[in-house]
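Student:
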DNA sequence: CAGAACTTTCAGTAAATATTGAAAGATATT
DNA sequence: AATATCTTTCAATATTTACTGAAAGTTCTG
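Protein chains in written order, with my numbering: chain R, 79 to 242; chain V, 79 to 242.
(1) Could you say which of V:100, V:144, V:83 and V:129 lies nearest to residue 114 (chain V) if we only look at CA atoms?
(2) Is it buried or exposed, residue 172 (chain V), if we count other Cβ atoms within 10 angstroms and call 16 or more buried?
(3) If you measure between the beta carbons of residue 153 (chain V) and residue 162 (chain V), is that distance less than 8 Å?
(4) So, is the C-beta of residue 222 (chain R) closer than 8 Å to a C-beta in chain V?
(5) Can you tell me whether DSSP reads residue 135 (chain V) as helix, strand or coil?
(6) Considering only C-alpha positions, which residue in the set R:205, R:86, R:222 and R:177 is nearest to residue 143 (chain R)?
(7) Residue ranges of each alpha helix (DSSP H) run of no fewer than 4 residues wholly in the stretch 124-179 of chain V, ordered along the chain?
(8) Counting Cβ pairs closer than 8 Å, one from the stretch 81-99 of chain R and one from the stretch 133-140 of chain R, do we hit at least three?
(9) Do you know offhand how far residue 207 (chain R)'s Cα is from residue 119 (chain V)'s?
(10) Considering just the uninterrupted stretch of the alpha helix (DSSP H) at residue 103 (chain V), what are its terminal residues?
(11) Can a CB atom of chain R be found closer than 8 Å to the CB of residue 203 (chain V)?
(12) Would the beta-carbon of residue 110 (chain V) fall within 8 Å of that of residue 81 (chain V)?
(13) Determine, using beta carbons only, whether residue 205 (chain R) and residue 212 (chain R) come nearer to each other than 8 Å.
(14) Helix, strand or coil for residue 94 (chain V)? Go by DSSP, reduced to three states.
(15) In chain V, what lies closer than 8 Å to residue 99 (chain R) by C-beta?
(16) Rounded to a whole number of angstroms, what is the C-alpha to C-alpha distance between residue 192 (chain V) and residue 116 (chain V)?
(17) Look up residue 120 (chain R) in the DSSP assignment and give the residues it is bridged to.
(18) Could you tell me whether the Cβ of residue 167 (chain R) comes closer than 8 Å to any Cβ of chain V?
(19) Taking 8 Å as the threshold (C-beta atoms), are residue 101 (chain R) and residue 121 (chain R) in contact?
(20) Quick check: what's the CA-CA separation for residue 236 (chain R) versus residue 239 (chain V)?
(21) Below 6 Å CB to CB, which residues in the same chain sit around residue 179 (chain R) once its five sequence neighbours on both sides are set aside?
(22) Please work out which residues of its chain come closer than 8 Å, Cβ to Cβ, to residue 201 (chain R), disregarding the five sequence neighbours upstream and downstream, and give them in chain order.
(23) Any beta carbon of chain R sitting closer than 8 Å to that of residue 198 (chain V)?
(24) Exposed or buried, what is residue 75 (chain R) when buried is set at 16 or more other beta-carbons lying within 10 Å of its beta-carbon?
(25) Could you list which residues in chain V have their beta carbon closer than 9 Å to that of residue 171 (chain R), in chain order?
(26) Under the three-state reduction of DSSP, which class applies to residue 192 (chain R): helix, strand or coil?
(27) Please classify residue 156 (chain R) as buried or exposed, where buried requires at least 16 other C-beta atoms within 10 Å of its C-beta.
(28) With DSSP collapsed to three states, give me the class of residue 99 (chain V).
(29) For residue 158 (chain R), count neighbouring Cβ atoms within 10 angstroms of its own Cβ and tell me buried if that reaches 16, exposed if not.
(30) Consider the Cβ of residue 226 (chain V): report whether some Cβ of chain R lies at a distance smaller than 8 Å.
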């Protein structure tokens, strides 16, 4: 499958966007490739399309599966695995938000808790900072959980309404 | 000024959080240091506290100023510059959101526009993807702009109401 | 169960990114 | 206007992160 110029550019852009958000370039490129492909692709095809090694392809496909962004797909009569990405953009956003919440927000809440316990109260300014940060993070977590559970459009509808 | 253990840990955690979001570790460490300091600090003091070189300190302080997270502060009788970070966590979040919108969301909208123009319509699936991505990005941009302009208490109140 | 088809791992290497420190550039001071 | 104080720049270097490819591992097939 030879991609159109537009698809290639899309893959490129998505890759660099990912990398500026702390997600490795290859991982987001594979994601873009699979999103823009209408059929599931094998590891070989991905390697070929992006000109990357087998090890790299394999590792990043696994990472995408881990993030819930890509699924294995068994193709009748084929022995090897095929992969496909979910195509609904709101669903993808929800998945990414949920994962980042789990990976980054939850640990931060934990750390703040620990710090508050350690902190000797000698610096009221710092104590206040920790408290506000805890409040902020807790609220943000709640927002993300709501988003995580909301159905496709409910959340953004509410949000837009809130701001209109 | 010798920081407490808790402050040191806070700086450390904030730094690694930043780096997992594509912001360089030193930049977020300096930010954490300044947030947790009740007085403005000079470049020298920052270098000393974080054990970093002058060049590194200077570059990252400039970046923080660029992001609107840190401000110069002239101290009477002192020739050198002092720096201080805003302390209001909602304000900080707003600033970061606004900057990332400007740096990443706006360019993406531009690219999608270009791609839609280039795309030859031969692949309806890809066309649909681009359209949905455009819709999504536009909505997200609108939400962030609202957040950007809203005043602190208003936003917080509305947000809490959404979840009650 | 031997061999083929495919997947995973990981030590070595390459590439990207961040940091240093010394020199050049400013700006103030006498 | 020479000197001192402070800031910025940037080529060299160090560190971190990502990638490769071959070998080991796994699963399927006849």
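Quick reminder that beta carbons are idealized off the backbone N, C-alpha and C, glycines included.
A quick note: this is a predicted structure, and the numbers were derived from the prediction, not measured.
Tutor: Checking against the coordinates, here is how it stands:
(1) The count along the second chain starts at 1 and reaches residue 114 (chain V) at position 36. Of the candidates V:100, V:144, V:83 and V:129, the one whose C-alpha sits nearest the C-alpha of residue 114 (chain V) is V:83.
(2) Here the question's residue 172 (chain V) lines up with position 94 in the second chain. By the neighbour-count rule (16 or more Cβ atoms within 10 Å), residue 172 (chain V) is buried.
(3) Translated into positions along the second chain, residue 153 (chain V) becomes position 75. Translated into positions along the second chain, residue 162 (chain V) becomes position 84. Not closer than 8 Å, so no.
(4) Reading the first chain from its first residue, position 144 is the one you call residue 222 (chain R). Between residue 222 (chain R) and chain V, the shortest Cβ-Cβ separation is not below 8 Å.
(5) Here residue 135 (chain V) refers to the residue found at position 57 when the second chain is read from its first residue. Here residue 135 (chain V) sits in helix by DSSP.
(6) Reading the first chain from its first residue, position 65 is the one you call residue 143 (chain R). The residue with the shortest Cα to Cα distance from residue 143 (chain R) is R:177.
(7) 132-144 and 167-178
(8) no
(9) As a first step, residue 207 (chain R) must be located in the first chain, where it is residue number 129. As a first step, residue 119 (chain V) must be located in the second chain, where it is residue number 41. C-alpha of residue 207 (chain R) to C-alpha of residue 119 (chain V): approximately 18 Å in a straight line.
(10) The count along the second chain starts at 1 and reaches residue 103 (chain V) at position 25. Unbroken alpha helix (DSSP H) run through residue 103 (chain V): 103-114.
(11) Here the question's residue 203 (chain V) lines up with position 125 in the second chain. Cβ-Cβ to chain R under 8 Å: yes for residue 203 (chain V).
(12) If you number the second chain from 1, residue 110 (chain V) lands on position 32. If you number the second chain from 1, residue 81 (chain V) lands on position 3. It is not a contact, given that the beta carbons lie outside the stated cut-off.
(13) As a working note, residue 205 (chain R) is residue 127 in the first chain. As a working note, residue 212 (chain R) is residue 134 in the first chain. No.
(14) Taking the second chain and counting its residues from 1, the one referred to as residue 94 (chain V) is at position 16. DSSP places residue 94 (chain V) in helix when its eight states are reduced to three.
(15) Counting from 1 along the first chain, the entry for residue 99 (chain R) is found at position 21. Those within 8 Å of residue 99 (chain R) in chain V are 99, 100 and 182.
(16) On the second chain, residue 192 (chain V) is found 114 positions in, with the first residue counted as 1. On the second chain, residue 116 (chain V) is found 38 positions in, with the first residue counted as 1. One C-alpha to the other measures close to 48 Å.
(17) Counting from one through the first chain, the residue named residue 120 (chain R) turns up at place 42. Answer by DSSP bridge pairing, in chain order: R:160.
(18) To locate residue 167 (chain R), count along the first chain from 1; it is residue 89. Chain V contact via Cβ: present.
(19) Working through the first chain from its first residue, we reach residue 121 (chain R) at position 43. Working through the first chain from its first residue, we reach residue 101 (chain R) at position 23. Taking 8 Å as the Cβ cut-off, residue 121 (chain R) and residue 101 (chain R) do not qualify as a contacting pair.
(20) Position 158 of the first chain, counted from the start, is the residue given in the question as residue 236 (chain R). Position 161 of the second chain, counted from the start, is the residue given in the question as residue 239 (chain V). Cα-Cα distance, rounded: 11 Å.
(21) Residue 179 (chain R) sits at position 101 when you count from the first residue of the first chain. Hits under 6 Å: 222.
(22) For this step, residue 201 (chain R) is matched to residue 123 along the first chain. Nothing listed; no residue qualifies.
(23) By 1-based counting over the second chain, the position of residue 198 (chain V) is 120. Taking a beta-carbon distance threshold of 8 Å, residue 198 (chain V) counts as an interface residue toward chain R.
(24) Lying outside 79 to 242, the shown extent of chain R, residue 75 (chain R) is not represented and no answer is given.
(25) Numbered from 1 along the first chain, position 93 holds the residue referred to as residue 171 (chain R). Residues of chain V passing the Cβ test: 214 and 218.
(26) The residue labelled residue 192 (chain R) in the question sits at position 114 within the first chain. Of the three classes helix, strand and coil, the one that applies to residue 192 (chain R) here is helix, per DSSP.
(27) Taking the first residue of the first chain as 1, we reach residue 156 (chain R) at position 78. Under this definition residue 156 (chain R) is an exposed residue.
(28) Counted from its first residue, the second chain places residue 99 (chain V) at position 21. Three-state DSSP puts residue 99 (chain V) in coil, outside helix and strand.
(29) Locating residue 158 (chain R) in the first chain gives position 80, counting from the first residue. Exposed: under 16 other Cβ atoms inside 10 Å.
(30) Counted from its first residue, the second chain places residue 226 (chain V) at position 148. No, its Cβ sits nowhere closer than 8 Å to a Cβ of chain R.
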